[in-house]
Amino acid sequence: MKTFEIYKNIRKRAVISGLPISLFALMMVAVLVSLLVIIFSFSFTMIIGILIFNAVLYVTLIRITNTPQLFQMTKVFPSIISNKRNSSFDYEQD
Numbered sequence: 345m346k347t348f349e350i351y352k353n354i355r356k357r358a359v360i361s362g363l364p365i366s367l368f369a370l371m372m373v374a375v376l377v378s379l380l381v382i383i384f385s386f387s388f389t390m391i392i393g394i395l396i397f398n399a400v401l402y403v404t405l406i407r408i409t410n411t412p413q414l415f416q417m418t419k420v421f422p423s424i425i426s427n428k429r430n431s432s433f434d435y436e437q438d
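My numbering applies: residue 345 is where the sequence shown begins, and numbers increase by one.
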């Protein structure tokens with residue numbers, strides 16, 4: 345029998361051009377800004393520089409996506425694992 349994943353789990357892994365949705369949006373903002381710069385500047389070196397910048401940004405975002413542990417600042421597991429509910433009530437008597 346074929347099993348299907350829950351829809352919300354599919355959305356978490358959605359990728360466009362190899363990038364997650366948030367990083368793809370960042371890339372598209374950079375492309376739009378670079379297009380505006382290209383339109384209002386008439387320098388050939390500026391156009392080449394912007395194309396190189398966009399290529400480097402894309403490669404960097406792909407590498408960040410493939411190795412997420414680069415920017416992991418916290419520990420993966422907590423020091424204490426407990427099922428006890430955190431409550432401010434104190435049931436002990438003095």
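Backbone N, C-alpha and C fix where the C-beta goes; we use that ideal spot for every residue, glycine too.
Rounded to whole angstroms, Ser431 and Ile425 show a C-alpha spacing of 16 Å. Taken through DSSP and simplified to helix, strand or coil, Ile360 comes out as strand. By the C-beta criterion, the segment 403–414 is judged to be in contact with the segment 360–370, since at least 3 inter-stretch pairs fall below 8 Å. Leu401 is not a Cβ neighbour of Ala369, given a cutoff of 7 Å. Per DSSP, the unbroken alpha helix (DSSP H) holding Phe384 starts and ends at Ile365 to Phe384.
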